[in-house]
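*Asks:* Quick one: the structure is below, questions incoming.
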Amino acid sequence: MSVPGPAPRGRLPLGLRRDPVAWERQKPTWRQAKPSTIEAALKRALTRPSGNWFVVAASRDITADRPLGRTVSGTELVLWRTADGRIVAGPGACPHLGAPLKDSPVRCGTLICHWHGLALDGGAHAGWEPVPVHDDGVLVWVRLDTVGGEESLDAPVVPTRPDPAAALDAVYTGFGTCEPQDVIANRLDPWHGAWFHPYSFVDLTVNRAPEEDEEDEEGFVVDVSFKLAGRVVVPVRAVFTAPEPRTVAMHITEGEGEGSVVETHATPVGLDPRGRPRTAVVEAVVCASERPGFAAARAAAPLMRPLVRAAAGRLWRDDLAYAERRWALRASGRFPG
Ligand code: FES
Ligand SMILES: [Fe+2]
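Following my numbering, the residues of the sequence shown are numbered contiguously, the last one being 373.
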């Protein structure tokens with residue numbers, strides 16, 4: 037595929053679409069979106085090391101007053117903050133008689149089992165052992181060596197992000213009936229954007245897709261306009277890469293919000309009662325901007341976060357349907373290709 041030149045729409049942050057093309061009259065992308073290209077990119081992603089780290093939650097969702105329960109590949113976990121603000125994670129079942137520790141209270145950083153009062157301060161105690169935790173400032177990762185089965189790494193592979201001091205972040209979490217690879221495959225198909233999400237994207241062109249035998253990962257280079265309202269659009273250039281097997285990062289490299297990143301993390305949850313896999317999608321949007329109004333936007337972050345999350349939620353309703361469909365076809369041996 038050709039190497040992209042400068043973004044065609046220049047550096048104008050906002051644009052007005054003069055000649056909107058009807059949805060059904062845009063250029064079909066299916067010939068370019070070769071199943072073998074997507075599968076090759078997925079295969080490369082799946083062979084990258086994760087060090088057995090799994091994203092479990094947004095950092096800000098772990099508070100000092102109550103614990104959070106999560107399940108990773110059938111392993112029940114509880115997370116909370118100790119008195120000094122540190123996040124701890126460990127088995128979600130009490131070592132005494134198995135109470136669900138996610139329902140226990142935290143008092144001054146100590147989690148106290150509500151069945152018989154066993155107190156956990158984050159250190160190993162009475163058969164309960166913490167697992168390694170990494171708080172990257174936006175997301176919390178846990179390392180589960182028995183679940184991952186890879187060689188462990190000291191820290192997870194966190195995508196490059198804008199300077200946190202000048203950034204605004206929001207995290208969306210959703211769940212689907214599929215495996216993590218189905219979520220990753222959806223994100224490694226940038227061609228579906230303007231067709232499948234016409235309410236959010238227009239004028240999408242994939243300028244570069246990785247060669248099927250490409251060793252280094254330069255990713256997919258996509259020019260696309262985000263729809264703001266009516267005919268007002270934000271043209272950007274975005275680069276999609278998969279830094280590890282359960283993450284796809286979309287970096288905005290030109291246009292409004294240059295330096296921002298949308299990270300999609302897929303974490304296996306376990307099997308549902310019918311034996312089907314469940315996957316959590318944790319998507320972090322970390323926005324950077326040089327525009328003057330951005331400092332004000334940061335100050336308004338608590339107000340803006342739900343808006344950013346709602347936008348991600350709408351996209352993910354559709355993208356989870358895509359991922360679930362891919363899993364259903366794979367599970368029944370009907371996946372094309
Ligand atoms: S089950 Fe937790 S203390 Fe008994
Ligand atoms: Fe999508």
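Quick reminder that beta carbons are idealized off the backbone N, C-alpha and C, glycines included.
Residues near ligand 1, CB to any non-hydrogen atom under 5 angstroms, in chain order?
*Replies:* Cys130, His132, Leu133, Ala135, Cys149, Trp151, His152 and Leu154
*Asks:* I'd like to know whether the C-beta atoms of threonine 118 and glycine 158 end up nearer to each other than 8 angstroms.
*Replies:* Looking up residue 118 in the sequence shown gives position 82. Looking up residue 158 in the sequence shown gives position 122. Contact: yes.
*Asks:* Which residues mark the beginning and the end of the beta strand (DSSP E) in which alanine 125 is found?
*Replies:* Counted from its first residue, the sequence shown places residue 125 at position 89. Its beta strand (DSSP E) spans residues 123-127.
*Asks:* Is the distance from the Cβ of asparagine 88 to the Cβ of glycine 184 below 8 angstroms?
*Replies:* What you label residue 88 is simply residue 52 of the sequence shown in a count that begins at 1. What you label residue 184 is simply residue 148 of the sequence shown in a count that begins at 1. Yes, these two residues count as a Cβ contact at 8 angstroms.
*Asks:* By DSSP's criteria, leucine 156 is part of a beta bridge. Which residues make up the other side?
*Replies:* Here residue 156 is taken as the residue at index 120 of the sequence shown, counted from 1. Per DSSP, Leu147.
*Asks:* Between the beta-carbon of leucine 133 and the beta-carbon of tryptophan 116, is there less than 8 angstroms?
*Replies:* One-based indexing of the sequence shown puts residue 133 at position 97. One-based indexing of the sequence shown puts residue 116 at position 80. Their beta carbons are not under 8 angstroms apart, which means leucine 133 does not touch tryptophan 116 by this criterion.
*Asks:* Just tell me which of Trp66, Val169 and Pro64 has its CA closest to the CA of valine 114.
*Replies:* Counted from its first residue, the sequence shown places residue 114 at position 78. Out of Trp66, Val169 and Pro64, Val169 has the C-alpha closest to the C-alpha of valine 114.
*Asks:* Going by beta carbon distance, what residues of the same chain come within less than 7 angstroms of leucine 82, once the five residues before and after it are set aside?
*Replies:* On the sequence shown, position 46 is the one that residue 82 refers to. Only Gln217 and Pro281 meet the Cβ criterion.
*Asks:* Since tryptophan 231 is in the alpha helix (DSSP H), which residue starts that stretch and which ends it?
*Replies:* The sequence position of residue 231 within the sequence shown is 195, counting from 1. Here the alpha helix (DSSP H) through tryptophan 231 covers 229-232.
*Asks:* Count the other CB atoms, across all protein chains shown, that sit within 10 Å of the CB of tyrosine 235; report buried if there are 16 or more and exposed otherwise.
*Replies:* Here the question's residue 235 lines up with position 199 in the sequence shown. Flag for tyrosine 235 reads exposed.
*Asks:* Please list, in chain order, all residues of the same chain as glycine 306 whose beta carbon is under 7 angstroms from its beta carbon, the five residues on each side excluded.
*Replies:* If you number the sequence shown from 1, residue 306 lands on position 270. For glycine 306, where only same-chain residues beyond five positions count, the Cβ hits under 7 angstroms are Thr107, Ser109, Gly110 and Arg314.
*Asks:* Counting beta carbon pairs with one atom in the segment 202-215 and one in the segment 225-234, are three or more of them shorter than 8 angstroms?
*Replies:* no
*Asks:* Apart from the five residues on each side of it in sequence, which residues of its chain come closer than 8 angstroms, Cβ to Cβ, to alanine 52?
*Replies:* Position 16 of the sequence shown holds residue 52. Reading off the sequence shown, one finds leucine at residue 52, where the question assumed alanine. The answer, listed in chain order, is Arg267, Val268 and Val269.
*Asks:* Using CA atoms only, rank isn't needed, just tell me which of Ile98, Glu247 and Val321 is closest to glutamate 75.
*Replies:* Residue mapping note: residue 75 aligns to position 39 of the sequence shown, counting from 1. Among Ile98, Glu247 and Val321, the Cα nearest to that of glutamate 75 belongs to Glu247.
*Asks:* For the alpha helix (DSSP H) that proline 216 lies in, which residues bound it at each end?
*Replies:* Position 180 of the sequence shown, counted from the start, is the residue given in the question as residue 216. It spans 216-223 - the alpha helix (DSSP H) in which proline 216 sits, taken as one unbroken run.
*Asks:* Count the other CB atoms within 10 Å of the CB of leucine 154; is the residue buried (16 or more) or exposed (fewer)?
*Replies:* Position 118 of the sequence shown, counted from the start, is the residue given in the question as residue 154. Burial call: buried.
*Asks:* Which residues have their C-beta within less than 7 angstroms of a heavy atom of ligand 2, listed in chain order?
*Replies:* Asn222, His228, Gly229, Phe232, His233, Leu351, Asp354, Asp355 and Tyr358
*Asks:* For arginine 45, collect the residues of the same chain with a Cβ closer than 6 angstroms to its Cβ; drop the 5 residues on either side in sequence, then sort them by chain order.
*Replies:* Stepping through the sequence shown from its first residue, residue 45 is reached at position 9. Its pLDDT being 42, under 50, arginine 45 is placed unreliably in this model, and the value from its coordinates should be taken loosely. Within the same chain, arginine 45 has close Cβ partners Pro271.
*Asks:* Only counting runs of 3 or more residues, tell me where the beta strand (DSSP E) segments fall wholly within the segment 250-292, in order along the chain.
*Replies:* 256-265, 268-280 and 283-291
*Asks:* By how many angstroms is the C-alpha of arginine 102 removed from the C-alpha of glutamate 290?
*Replies:* The sequence position of residue 290 within the sequence shown is 254, counting from 1. The sequence position of residue 102 within the sequence shown is 66, counting from 1. C-alpha separation (whole angstroms): 41 angstroms.
*Asks:* Please return the same chain residues whose Cβ sits closer than 8 angstroms to the Cβ of threonine 73, not counting the five positions on each side in sequence.
*Replies:* Residue 73 sits at position 37 when you count from the first residue of the sequence shown. So the qualifying residues of the chain are Ala245, Pro246 and Glu248.
*Asks:* With a Cβ-Cβ cutoff of 8 angstroms, do leucine 365 and leucine 224 count as a contact?
*Replies:* The residue given as residue 365 occupies position 329 in the sequence shown. The residue given as residue 224 occupies position 188 in the sequence shown. Cβ atoms of leucine 365 and leucine 224: not closer than 8 angstroms.
*Asks:* So if DSSP puts proline 313 in a beta bridge, which residue, or which two residues, is it bridged to?
*Replies:* On the sequence shown, residue 313 is found 277 positions in, with the first residue counted as 1. Beta-bridge pairing links proline 313 to Leu307.
*Asks:* Which two residues bound the contiguous beta strand (DSSP E) that contains aspartate 181?
*Replies:* Locating residue 181 in the sequence shown gives position 145, counting from the first residue. First-last for aspartate 181: 181-184, but that is the alpha helix (DSSP H), not the beta strand (DSSP E).
*Asks:* Considering just the uninterrupted stretch of the beta strand (DSSP E) at arginine 80, what are its terminal residues?
*Replies:* One-based indexing of the sequence shown puts residue 80 at position 44. Premise fails: arginine 80 lies in the alpha helix (DSSP H), 71-83, not in any beta strand (DSSP E).
*Asks:* How would you call glycine 369, buried or exposed, if buried means at least 16 neighbouring beta carbons within 10 angstroms?
*Replies:* Counted from its first residue, the sequence shown places residue 369 at position 333. Answer is exposed; the Cβ neighbour count stays below 16.
*Asks:* Quick one: grab the DSSP three-state call for proline 136.
*Replies:* One-based indexing of the sequence shown puts residue 136 at position 100. In this structure, proline 136 counts as strand in the three-state DSSP scheme.
*Asks:* Under three-state DSSP, which class holds valine 194?
*Replies:* One-based indexing of the sequence shown puts residue 194 at position 158. The answer is coil: DSSP assigns valine 194 none of H, G, I, E or B.
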